[in-house]
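Numbering (the working numbering), first residue to last: 5 to 353.
Note that the Cβ used here is the ideal one computed from N, Cα and C, for glycine as well.
The next block holds one structure in the form of C-alpha cells; read it before the comments.
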DNA sequence: CCGTAAGA
DNA sequence: TCTTACGGG
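Below you can see the structure in the form of C-alpha cells.
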C-alpha cells in the first residue's frame, strides 16, 4: 500500500517530535489513511470491531472523534482530505487489494472456527474494508465538529501535497510516503497511532511519536531532485505499478537514477521490465496530479446537537462520554482554533 | 485506537 | 501523578 520509502530515508532527513511541536500548524490529513487505520486497529481481542445496535461498524468514527479532539487540544489545526475517483492506473492495485482482503476474510473464518483469538484479530485487521458510507459518515461528523474537510478530485495525498505546496497547510499527514512524491513540503507520519503500540507478535509495547520528513532535507540528503525521487518510487513500486521493477531495492534504485542526467531516461531504461505498465504515465501522475483549489479552511465551534445526533442517537455512543469529549473540543476550539481578532483587525474592520 | 476506573 | 486492565459500540 503506497510507495515504500522507509529504507531509503536517511536518519538526518527525519525528526521525531511530540504532538505539541505541531501547535498552530495546519496539517492536511489523508482521511482515507487515518480512517482505515482506526478501522483496522480499534477492535476487541478477537478482531470484532465496535458496532452499533444495528450491527453497523463504528470503529472509524470512534477513532476519528477522539483522535481529532486530542490533536486540536494540542493545538494542531487539522483538515481532512478525502479521496475522489481513483486514477484508472490504480485499478489493478485496488483489485489486488480486494483479493487479499477476501483471502484474509477466509483465514479469519478458519481462525474463528479454530478458536485462535490472536490469529482472528490479525486477519480481521487485514480484512477490514473502508466503505463509501463510512467515509460519508466521517464527513458528517467532521462538519458537526467544525473541522474542515476537502474533497480531492482524485488522490487525497496529491491534494494534501498541493495544499502544502501552496502554503495552505504546513504539512501533509499520512502513514504512506506517496505525498512526498506528490511534492508535499513536509510529511507527518504516525498521527493516527501516536502513543503506545504493540509490536506484532511480541507482547512488547513501544512509544510511537509523530515523525516529520521534510522534502527539501530528504532531497538534499540523497543528492537528488523531486523528479528523481519519483523515479526511485516507481522503481521500488507504487499503487500504479505494484511490485516495482524486479531487482530494484532502495540502494540500486538510488544508484540507477543518479547514473542518468535525465530522470525520464532512467525510467526509459527499465521500460521493458515494467510488465506492460506505462511508467512515463505513472511519472506524470505523480508530477502533475489532478488537484483542486475549490476549498475553504475554516474551523467552526462544535455543534453539540449534531454530534449527539450522529454518535449517540444513530450509533449508540455513550452520552456522558460524548458530552465530556465535546466539552474538551469546545475549550480547545476557543484556545487553539478560533481565529483571534487582533486590535488592528478591529480597527480596520 | 480511545477514555475510565482502580490501584500503586 | 502515574501505570495497568478493561470495555467501548
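Using the Cβ count rule (16 or more neighbours within 10 Å means buried), how would you classify residue i?
i	result
residue 124	buried
residue 81	buried
residue 14	exposed
residue 438	Since the displayed the chain opens at 5 and closes at 353, residue 438 lies outside it and no answer follows.
residue 62	buried
residue 343	exposed
residue 71	buried
residue 189	buried
residue 277	exposed
residue 227	exposed
residue 55	exposed
residue 59	exposed
residue 118	exposed
residue 102	exposed
residue 322	exposed
residue 159	buried
residue 5	exposed
residue 210	exposed
residue 57	exposed
residue 309	exposed
residue 193	buried
In whole angstroms, give me the CA-to-CA distance for residue i and residue j.
i	j	result
residue 281	residue 274	11 Å
residue 325	residue 217	35 Å
residue 165	residue 245	20 Å
residue 341	residue 237	36 Å
residue 100	residue 243	10 Å
residue 30	residue 301	9 Å
residue 138	residue 64	8 Å
residue 116	residue 254	39 Å
residue 305	residue 337	6 Å
residue 230	residue 187	7 Å
residue 191	residue 256	24 Å
residue 22	residue 212	10 Å
residue 32	residue 83	5 Å
residue 233	residue 176	17 Å
residue 52	residue 92	33 Å
residue 320	residue 172	36 Å
residue 170	residue 220	15 Å
residue 205	residue 318	Note that residue 205 has pLDDT 43, beneath the 50 cutoff, so the model's placement of it is unreliable and no number is given.
residue 247	residue 286	14 Å
residue 11	residue 73	33 Å
residue 168	residue 262	27 Å
residue 271	residue 265	12 Å
residue 178	residue 161	8 Å
residue 313	residue 34	26 Å
residue 295	residue 87	11 Å
residue 283	residue 307	47 Å
residue 198	residue 69	15 Å
residue 157	residue 279	28 Å
residue 140	residue 134	11 Å
residue 331	residue 98	40 Å
residue 235	residue 329	45 Å
So for residue i, helix, strand or coil by DSSP?
i	result
residue 7	coil
residue 176	strand
residue 98	helix
residue 194	coil
residue 143	helix
residue 111	helix
residue 47	strand
residue 238	helix
residue 74	helix
residue 322	coil
residue 295	coil
residue 256	helix
residue 261	helix
residue 22	coil
From the DSSP secondary-structure annotation, give me the bridge partner or partners of residue i.
i	result
residue 84	33, 153
residue 138	Note: residue 138 sits in no beta bridge, so no partner.
residue 55	61
residue 218	190
Which same chain residues, not among the five before or five after residue i, have their C-beta less than 7 Å away from its C-beta?
i	result
residue 131	105, 108, 109, 112
residue 50	121, 124, 125
residue 96	246
residue 128	47, 51, 112
Take residue i and list the residues in its own chain whose beta-carbon comes closer than 6 Å to its own, dropping the five residues that flank it on each side.
i	result
residue 222	17
residue 75	82
residue 78	23, 24
residue 19	216
residue 67	42, 46
Give every residue of the same chain whose Cβ lies closer than 8 Å to the Cβ of residue i, excluding the five residues on either side of it in the sequence, and list them in chain order.
i	result
residue 8	181, 240, 241
Report yes if the C-beta of residue i is less than 6 Å from at least one heavy atom of the ligand SAH; otherwise report no.
i	result
residue 134	Ligands are entirely absent from the displayed structure, and the ligand SAH is therefore not among its contents.
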